[in-house]
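Student: Everything in the sequence shown is counted per our numbering, starting at 3 for the first residue and increasing by one. Following this message is one structure expressed as structure tokens.
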Amino acid sequence: MSRSSLDRRQWITQVSAAASASMVFGALPTVSAAEKPKDANSRIGIGAIGLRYQGSVITEKAAAHGDIVALADVDREILEKANSDFGGKSALMEDYRDLLARDDVDVVMIGTPDHWHTKMVIDACRAGKDVYCEKPLTLTIDEGKKLREVVKETGRVVQVGSWQRSDIRFRTAVEMVRQGWVGNLERVDIVLGKNKTGGPFETKPVPKTFNWDLWQGQTPDVPYIPERSHYTFRWWYEYSGGQMTDWGAHHIDIGQWGAGGLPVEIDGTAKMPSVENGYNVAVDYHVTYKLDNGVVLTVADEGRNGVMFTGDKGRIFVNRGTLDGAPTERKLPREDFVLYDFDNLERPERAGKLDAIINHMGNFFDCVAKRKTPVSDIESQHRSVSTCHLGNISMKLGRKLTWNPKTETFVGDDEANQHLSREQRAGYETV
3 MSRSSLDRRQ WITQVSAAAS ASMVFGALPT VSAAEKPKDA NSRIGIGAIG LRYQGSVITE
63 KAAAHGDIVA LADVDREILE KANSDFGGKS ALMEDYRDLL ARDDVDVVMI GTPDHWHTKM
123 VIDACRAGKD VYCEKPLTLT IDEGKKLREV VKETGRVVQV GSWQRSDIRF RTAVEMVRQG
183 WVGNLERVDI VLGKNKTGGP FETKPVPKTF NWDLWQGQTP DVPYIPERSH YTFRWWYEYS
243 GGQMTDWGAH HIDIGQWGAG GLPVEIDGTA KMPSVENGYN VAVDYHVTYK LDNGVVLTVA
303 DEGRNGVMFT GDKGRIFVNR GTLDGAPTER KLPREDFVLY DFDNLERPER AGKLDAIINH
363 MGNFFDCVAK RKTPVSDIES QHRSVSTCHL GNISMKLGRK LTWNPKTETF VGDDEANQHL
423 SREQRAGYET V
């Protein structure tokens with residue numbers, strides 16, 4: 003493969019040309035985390051990669067803290083619409099590395115499909131940028147281990163878009179549980195919802211405005227099927243993990259944060275679809291985890307969406323519209339929250355997706371300014387999405403697994419350990 007030779011200016015002006023060239027991805031030049039800071043009066047330059055719905059949401063929230071100077075997307079129609087929505091003044095590019103190479107980009111928003119998150123975060127950190135990346139953080143457990151190393155090496159600030167950590171309902175529920183308001187925690191029961199089923203889907207010509215090769219990235223090169231891309235990518239294991247990593251990156255994160263433990267046993271059951279050219283994520287799934295502190299955590303696809311914490315002295319249920327349970331009849335002031343030590347109490351309490359993201363984005367920029375650790379940091383989010391991946395691995399293998407959270411490997415199980423990583427297509431490896 004060879005990197006596209008299409009000049010950036012030519013590409014912007016020739017908006018009707020096909021994006022058909024592919025790229026070889028080498029390592030970006032490393033920029034020291036101690037590089038000279040911008041002048042105190044300078045505006046932060048924001049670059050955004052991946053601008054379909056959620057990518058545009060987070061970029062719009064980021065715009066309150068700086069100037070949007072560059073946008074990148076492999077779908078030219080989405081790119082041009084985003085540029086129009088954001089004032090029409092940004093530099094436009096198909097290759098995200100062109101965005102990372104710009105001196106006027108200080109922070110990067112990543113709203114791409116899941117299989118691109120790890121490589122883009124690593125490349126952005128090595129290019130000296132701070133990063134806000136959508137959840138789930140990784141496609142595999144080993145990707146998270148690598149991310150942890152790179153973020154530590156570069157000293158960059160990385161916030162993962164698990165915004166429920168900035169929603170006052172979820173924050174309060176977790177704080178109450180960890181502070182003993184339900185007594186000794188015994189169980190956490192989580193409902194995510196059903197995975198989609200569908201197919202077989204028809205192979206179609208690649209749209210002239212869409213770089214399908216680049217969209218696929220590290221994943222196997224297959225004929226274009228519209229249902230593989232954009233929103234419905236999440237129902238294919240090649241690119242995501244179904245509800246386990248979609249809703250799970252939110253609810254399992256909250257459940258594990260409240261439980262204060264990590265999995266040591268995983269027992270998942272599911273029906274695995276076998277429709278050719280169809281969605282392949284699990285159907286009728288259920289996972290039971292035993293955590294290292296004795297708490298039992300379950301994940302199901304049926305029931306009321308949300309997280310139920312059960313202790314020997316009470317219960318708390320929380321979802322995006324509810325905070326309920328006898329312990330919640332008393333108020334826990336934010337001043338008494340203890341689980342995150344860089345809280346900005348000047349920010350008003352917010353609940354619900356679009357409002358909570360305001361505080362989540364604010365926390366990110368607070369941390370960029372002060373070089374602090376965000377509320378949805380790399381370590382916590384690697385551990386949360388690892389729990390999601392562990393459930394999917396158990397379901398795929400159809401048996402109980404034993405996990406060592408210290409070594410981050412399966413105990414005495416070579417077959418299961420093969421699922422900690424995936425083969426990456428040549429030219430798109432995470433390095």
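Where is the CB? At the ideal position from N, CA and C, for every residue including glycine. All values reported here derive from a predicted model rather than from experimental measurement.
Helix, strand or coil: which one does DSSP assign to Y281?
Tutor: Three-state result, Y281: coil.
Student: Whole angstroms is fine: what's the gap from G219's alpha carbon to E431's?
Tutor: Cα to Cα, G219 sits roughly 9 Å from E431.
Student: Shorter than 8 Å, the distance from the beta carbon of Q220 to the closest heavy atom of the ligand FAD, or not?
Tutor: This structure lacks the ligand FAD, and indeed carries no ligand of any kind.
Student: Report the option in N406, L341 and G146 whose CA atom is closest to the CA atom of L293.
Tutor: When each option's Cα is compared against that of L293, the closest is N406.
Student: By Cβ distance, which residues of its chain are closer than 7 Å to H262, with the 5 residues on each side in sequence left out?
Tutor: Per the sequence shown, residue 262 should be read as Gly rather than His. Closer than 7 Å at Cβ, skipping near neighbours: R180 and N295.
Student: Quick check on E151: does DSSP put it in helix, strand or coil?
Tutor: In this structure, E151 counts as helix in the three-state DSSP scheme.
Student: Within the region 66–112, note down every full alpha helix (DSSP H) run reaching 4 residues or more, in order along the chain.
Tutor: List check, alpha helix (DSSP H) in window: 78–87 and 98–102.
Student: Between which two residues does the alpha helix (DSSP H) containing D116 stretch?
Tutor: It is not in any alpha helix (DSSP H) - D116 carries neither H nor E in the DSSP assignment.
Student: May I have the straight-line CA-CA distance separating V162 from G323, to the nearest angstrom?
Tutor: Straight-line Cα distance between these residues: approximately 22 Å.
Student: Only counting the same chain, and skipping five residues up and downstream in sequence, which positions put a Cβ closer than 6 Å to that of N346?
Tutor: Counting only Cβ-Cβ distances below 6 Å, and skipping sequence neighbours, we find D368.
Student: Out of curiosity, what's the CA-to-CA distance linking K355 and L334?
Tutor: Cα to Cα, the separation comes out at about 22 Å.
Student: Out of L194, V133 and E417, which has the shortest C-alpha to C-alpha gap to M363?
Tutor: Measuring from the Cα of M363, the nearest candidate turns out to be V133.
Student: CA-CA distance, A129 and D223?
Tutor: If I take the Cα positions, the gap works out to 28 Å.
Student: Specify whether the region 45–53 and the region 70–83 touch according to this definition: at least 3 beta carbon pairs, one from each stretch, less than 8 Å apart.
Tutor: They touch, by the three-pair rule.
Student: Taking all protein chains shown into account, do 16 or more other C-beta atoms lie within 10 angstroms of the C-beta of D303, making it buried, or fewer, making it exposed?
Tutor: Buried.
Student: I'd like to confirm the pairing. Which residues does DSSP put opposite Q220 in its beta bridges?
Tutor: Answer by DSSP bridge pairing: none, since Q220 is not bridged.
Student: Per DSSP, E267 is paired with what?
Tutor: Looking at the DSSP assignment, E267 forms a beta bridge with K292 and T404.
Student: With a cut-off of 8 Å on the beta carbons, I'd call Q166 and I256 a contact; round off their distance for me.
Tutor: Sure, about 6 Å apart at Cβ, within 8 Å.
Student: So, I241 versus P138, is the Cβ gap smaller than 9 Å?
Tutor: Note that residue 241 is Tyr in the sequence shown, not Ile. Cβ atoms of Y241 and P138: not closer than 9 Å.
Student: For the region 149–217, which segments carrying the beta strand (DSSP E) assignment without a break, of at least 3 residues, lie completely within its bounds, in sequence order?
Tutor: Here the runs fully enclosed are 160–162 and 187–193.
Student: Does the Cβ of P202 have 16 or more other Cβ atoms within 10 Å, making it buried, or fewer, making it exposed?
Tutor: Exposed.
Student: Identify whether G327 lies in helix, strand or coil by the three-state DSSP scheme.
Tutor: Coil.
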